[in-house]
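Asker: Sharing a structure with you now.
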Amino acid sequence: MTSWTVWYESWQMECCGTPFSVGDEVSLPLMITPADRLDAAEEWPLSVVEGPVRAVEDDEGDRWDVVRAEGGLDVAPHASLGTPSGRLSVTGLLSVERHTGQWPEAVGRVASVRILTRGYAPETPGGTTYVPVPGERWLRPVDACPKWFTGDDPARRDDGALVVLDAMGGPGGPSARGRGQ
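When we follow my numbering, the leftmost residue of the sequence shown carries the number 402, and every step to the right adds one.
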């Protein structure tokens with residue numbers, strides 16, 4: 402079994418997600434964003450996704466490229482990668498993406514959940530727009546991913562969850578389900 406760390410941003414869960422607990426089997430639409438497209442000040446757990454690319458068509462006839470990675474994990478490449486063909490190898494951040502398209506979802510068992518809390522400060526002195534403070538981030542383990550994340554304190558808020566997912570299915574094996582299944 403192959404384990405993957407997945408970023409589940411708070412707004413993705415709050416909008417369209419279903420809470421889950423450690424030990425649950427989940428089905429998640431995953432995308433990989435290349436490391437060079439991430440904020441260099443952030444420390445993210447990066448994954449290497451490598452495998453054959455195949456085209457899938459959603460219910461509306463739109464075409465999406467999907468990479469079948471080791472352990473049978475299906476991942477959509479970030480748009481910045483263009484339209485890959487054949488095989489793709491990319492190092493980046495795996496994240497849940499429920500709003501870009503409809504591609505097969507990766508299926509796995511939740512091994513752990515950690516909530517990411519960040520420190521925030523006004524972008525300009527006295528301003529009302531808050532931005533993350535570099536280096537101010539904390540992870541705390543929890544038994545379940547919440548539907549709603551805390552955000553009452555503008556200087557410190559929960560921004561999402563880092564989820565360790567044990568992919569179900571062997572290389573090339575069944576691990577994907579279409580949306581709504």
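Just so you know, even glycine gets a beta-carbon here, dropped at the ideal spot from N, CA and C.
Under 8 Å between the Cβ atoms of Val497 and Pro430?
Answerer: Residue mapping note: residue 497 aligns to position 96 of the sequence shown, counting from 1. Residue mapping note: residue 430 aligns to position 29 of the sequence shown, counting from 1. Contact: yes.
Asker: Since Glu506 is in the beta strand (DSSP E), which residue starts that stretch and which ends it?
Answerer: If you number the sequence shown from 1, residue 506 lands on position 105. Its beta strand (DSSP E) spans residues Glu506 to Pro523.
Asker: Rounded to the nearest angstrom, what separates Pro420 and Thr530 at their Cα positions?
Answerer: Stepping through the sequence shown from its first residue, residue 420 is reached at position 19. Stepping through the sequence shown from its first residue, residue 530 is reached at position 129. Using only the alpha carbons, I get a separation of about 29 Å.
Asker: Nearest CA to the CA of Val476: which residue from Arg455, Pro526, Glu461 and Ser422?
Answerer: Taking the first residue of the sequence shown as position 1, residue 476 is located at position 75. The option with the nearest alpha carbon to Val476 is Arg455.
Asker: Between which residues of its own chain and Pro551 is the CB-CB distance below 7 Å, once the five residues before and five after are set aside?
Answerer: Position 150 of the sequence shown, counted from the start, is the residue given in the question as residue 551. The amino acid occupying residue 551 in the given sequence is Thr; Pro does not appear at that position. Only Arg558 and Asp559 meet the Cβ criterion.
Asker: Could you tell me which residues DSSP puts in a beta bridge with Met402?
Answerer: Position 1 of the sequence shown, counting from 1, holds the residue named residue 402. For Met402, which the question treats as bridged, DSSP gives no partner whatsoever.
Asker: Should Ser486 go down as buried or exposed, given a rule of 16 or more other Cβ atoms within 10 Å for buried?
Answerer: Numbered from 1 along the sequence shown, position 85 holds the residue referred to as residue 486. Exposed: under 16 other Cβ atoms inside 10 Å.
Asker: I'd like to know if the stretch 502-522 and the stretch 487-494 are in contact, where contact means that at least 3 CB-CB pairs between them fall below 8 Å.
Answerer: With the cut-off at 8 Å, the stretch 502-522 and the stretch 487-494 do not touch.
Asker: Should the stretch 514-525 be called in touch with the stretch 537-548, which here means at least 3 C-beta pairs below 8 Å?
Answerer: Short answer: they touch.
Asker: Throw me the rounded Cβ distance for the Glu458 and Val508 pair, which I believe falls under 8 Å.
Answerer: Sequence index remark: in the sequence shown, residue 458 carries index 57 (1-based). Sequence index remark: in the sequence shown, residue 508 carries index 107 (1-based). Not a contact, Cβ separation roughly 20 Å.
Asker: Rounded to whole angstroms, what is the Cα-Cα separation between Asp544 and Ser422?
Answerer: For the purposes of this step, residue 544 is taken as the residue at position 143 of the sequence shown. For the purposes of this step, residue 422 is taken as the residue at position 21 of the sequence shown. One C-alpha to the other measures close to 6 Å.
Asker: May I ask you to report which of helix, strand or coil DSSP gives Met569?
Answerer: One-based indexing of the sequence shown puts residue 569 at position 168. Coil, per DSSP.
Asker: Determine the direct distance from the alpha carbon of Ala568 to that of Gly574, and round the result to whole angstroms.
Answerer: Numbered from 1 along the sequence shown, position 173 holds the residue referred to as residue 574. Numbered from 1 along the sequence shown, position 167 holds the residue referred to as residue 568. Residue confidence is low: Gly574 scores 38 on pLDDT, short of 50, so the model does not pin down where it sits. No coordinate-derived value is stated.
Asker: From which residue to which residue does the beta strand (DSSP E) around Trp539 run?
Answerer: Here the question's residue 539 lines up with position 138 in the sequence shown. Tyr531 to Val543 is the extent of the beta strand (DSSP E) around Trp539.
Asker: According to DSSP, simplified to helix, strand and coil, what is Arg469?
Answerer: Locating residue 469 in the sequence shown gives position 68, where the first residue counts as 1. Note: Arg469 maps to strand in three-state DSSP.
Asker: If you drop the 5 nearest sequence neighbours on each side, which residues of the same chain put their C-beta closer than 6 Å to that of Gly472?
Answerer: As a first step, residue 472 must be located in the sequence shown, where it is residue number 71. Answer for Gly472: Thr403 and Ala568, listed in chain order.
Asker: Considering only their Cβ atoms, is the gap separating Ile433 from Pro478 smaller than 8 Å?
Answerer: On the sequence shown, position 77 is the one that residue 478 refers to. On the sequence shown, position 32 is the one that residue 433 refers to. Yes, they are a contact pair.
Asker: Let's see if you can read the secondary structure: which residues bound the beta strand (DSSP E) around Glu444?
Answerer: By 1-based counting over the sequence shown, the position of residue 444 is 43. Careful: Glu444 lies outside any beta strand (DSSP E) and carries neither H nor E.
Asker: Return the chain-ordered list of same chain residues with a C-beta closer than 6 Å to the C-beta of Tyr409, the five sequence neighbours on each side being excluded.
Answerer: Translated into the one-based positions of the sequence shown, residue 409 becomes position 8. Contacts found: Val497, Gly561, Ala562 and Val564.
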